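Residue numbers (the working numbering): 57 to 155.
Virtual Cβ for every residue (Gly too), placed ideally from N, Cα, C.
A quick note: this is a predicted structure, and the numbers were derived from the prediction, not measured.
Accompanying notes for the structure given below.
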Amino acid sequence: MKLDSATNASGAIASLESALKDVGSLRSTLGANINRLGHTSANLANMQDNTELALGNIRDADFASEASTMTRQQMLAQTSMSMLKQSNSMSGMVMSLLG
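Below is the structure:
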């Protein structure tokens, strides 16, 4: 760029104004992209938190279901043992009556 005349200086100023306009446009595009990426990142973090919370709820529900099933099985086993004891004691009573 030669600035030795008014015409050359005006041309240089016009070139610089055009370059500044292009830089401003690129800055606004870059800023918009940064904002979009920031929102996307926040959204993904929120989705991850929600997914982890849902997984915890599923695990808790499975644990509750399994605990309920185990309690039921224990009750059935205790009932069976109680019935077996009564059956054995009745056999003993019959034997004592006969003997």
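C-alpha distance - residue i paired with residue j, whole-angstrom precision
i: G87; j: T96; result: 14 Å
i: A117; j: M137; result: 30 Å
i: D60; j: A75; result: 21 Å
i: Q39; j: L132; result: There is simply no residue 39 to check, as the chain begins at 57 and stops at 155 in what is shown.
i: T127; j: L93; result: 51 Å
i: M149; j: T135; result: 21 Å
i: S11; j: L153; result: What the structure shows of the chain is the stretch from 57 to 155, and residue 11 is not part of that stretch, so it cannot be assessed.
i: A65; j: L72; result: 10 Å
Sub-9 Å separation of residue i and residue j beta-carbons
i: K58; j: A68; result: yes
Local conformation of residue i per DSSP, three classes
i: D78; result: helix
i: L59; result: coil
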